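K.L.:
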């Protein structure tokens, strides 16, 4: 029979080996996704005819949807459990990120940024 101290060390070991590396990777990609619109703007704005005002809206709408969906995301996490909820968020985020490639105008990018905010919340 193991002692409570050994159980604690086992739990810490699991966190160090599995959870922290996964959290680091997800945080890295989350951050890159937030700032990539600025790098893409160098050529994207000209090719899609995006005005500076449109770009400001595209940049802002992500954070607005991110803010609005923080609480619903927490509720979803409690109802579905972490494994199912985080998996569905990662799949949705990946799908929206991939679909941005097919954007033809400002409205497509605006809609994609809204959904990115929803999935990242």
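In this note's numbering, the protein residues as written are 85 to 205. Quick reminder that beta carbons are idealized off the backbone N, C-alpha and C, glycines included. In this text the structure is predicted, and so the values were computed from the model without any measurement.
State buried or exposed for residue 204, treating a residue as buried only when at least 16 other CB atoms are found within 10 Å of its CB.
P.N.:
Locating residue 204 in the chain shown gives position 120, where the first residue counts as 1. It counts as buried.
K.L.:
Please report the residue range of the alpha helix (DSSP H) in which residue 135 lies.
P.N.:
Residue 135 sits at position 51 when you count from the first residue of the chain shown. From DSSP, residue 135 is part of no alpha helix (DSSP H); its letter is neither H nor E.
K.L.:
Does any CB atom of chain D fall closer than 9 angstroms to the CB of residue 115?
P.N.:
Checking the listed chains, one finds no chain D in this structure; it contains a single protein chain.
K.L.:
In angstroms with no decimal places, state the Cα-to-Cα distance between residue 186 and residue 97.
P.N.:
Here residue 186 corresponds to residue number 102 of the chain shown, with the count starting at 1. Here residue 97 corresponds to residue number 13 of the chain shown, with the count starting at 1. C-alpha separation (whole angstroms): 43 angstroms.
K.L.:
Within the same chain, show all residues whose beta-carbon is closer than 6 angstroms to that of residue 157, passing over the 5 residues directly before and after it, in chain order.
P.N.:
Here residue 157 refers to the residue found at position 73 of the chain shown. These residues qualify, in order along the chain: 205.
K.L.:
Three or more beta-carbon pairs under 8 angstroms between the segment 194-201 and the segment 177-185, yes or no?
P.N.:
A contact exists between the segment 194-201 and the segment 177-185.
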